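Colleague: With full-length UniProt numbering applied, the sequence shown corresponds to residues 1 to 184, in that order.
I have a structure here, written as structure tokens, and I will follow up with some questions on it.
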Amino acid sequence: METTDSHETQPTVVYSPPGRISLRPMTLSDVDDYMVWATDAKVARFCSWEPCKSREEAIKYITDSVLTHPWLRAICLEDDHAIGYILVMPVDKIRKEIGYVLARKYWGKGFGTEAVRLVTAEIFKEMPEIERLEALVDEDNVGSQRVLEKVGFTREGVMRKFMVMKGSVRDMVMFSFLPSDTLK
């Protein structure tokens, strides 16, 4: 896995234009907020991880995986309350993959779309080497597919029998956004 040092120079907090949400580095003090979505089986359904079972497990995950991640931000409401997170992962030298998760209470309210739009608008500036930002979404995860389409990602097609997710071979939908594409 290739990483860059560009995350060290990124802005600490990014606000959405209407100011409904902000993105900031997630910290250990977000553990209680994290527990809200990480313990919810419906939230975890399309994620690679299983629901969190304890506060200790959440602290370990945040310490080992979140704080060490090259580009992961908490999605926060105006009161700085974390309602989910969004991340950008390296695929190779010119491709990155975007992923996100929101507490179920905030589904269908536009927060995921705002977060994806914010990151997509900024990531090509922060990491100019990127030629393609992509997202792989479970074929049954219609809500996440709508988020990407609303932002302007191109649905490229279904990758049949593409990956094993929680013991089941899954079809995944590939989406992409190029620096020359237009945000919606």
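Don't be surprised by glycine CBs; every beta carbon is placed ideally from N, CA and C.
For clarity, every value in this text was computed on a predicted model and none was experimentally measured.
Who are the Cβ neighbours of Ser28 in its own chain at under 6 Å, not counting the five residues just before and after it?
Modeller: One point to set straight first is that residue 28 is Leu, not Ser, in the sequence displayed. Ile62, listed in sequence order.
Colleague: Can you tell me where the beta strand (DSSP E) holding Phe97 begins and where it ends?
Modeller: This sequence places Glu at residue 97; Phe is not what is there. From DSSP, the beta strand (DSSP E) with Glu97 extends over 95 to 102.
Colleague: Are Gly152 and Lys105 closer than 8 Å when you measure CB to CB?
Modeller: no
Colleague: Using a threshold of 8 Å, state whether the C-beta atoms of Leu136 and Glu97 are closer than that.
Modeller: yes
Colleague: Kindly indicate if chain D contains any beta-carbon less than 8 Å away from that of Glu156.
Modeller: Looking at the structure shown, chain D is missing, and only one protein chain is on hand.
Colleague: Along the alpha helix (DSSP H) that carries Ser65, what are the first and last residues, could you check?
Modeller: Ser65 -> no alpha helix (DSSP H), and no H or E assigned at all.
Colleague: Skipping 5 residues on each side, what residues in its chain have a beta carbon closer than 8 Å to that of Gln145?
Modeller: Val137, Arg155, Val173, Phe175
Colleague: Counting pairs of beta carbons, one from the segment 45 to 62 and one from the segment 105 to 122, are three or more of them closer than 8 Å?
Modeller: no
Colleague: Which ranges would you report for the alpha helix (DSSP H) in the UniProt domain "N-acetyltransferase" (21 to 179) if only whole runs of at least 4 residues count?
Modeller: When DSSP assignments are scanned along the UniProt domain "N-acetyltransferase" (21 to 179), the uninterrupted stretches of alpha helix (DSSP H) that are 4 or more residues long and fall wholly within it turn out to be 31 to 38, 41 to 44, 55 to 61, 111 to 126, 142 to 151.
Colleague: Applying the 10 Å Cβ sphere with the 16-neighbour rule, what's the burial state of Ile86?
Modeller: buried
Colleague: Beta carbon of Leu23, beta carbon of Ile75: below 8 Å?
Modeller: yes
Colleague: Our contact map puts Val91 next to Glu134 with C-beta atoms below 8 Å; I'd like the distance itself, whole angstroms only.
Modeller: 7 Å
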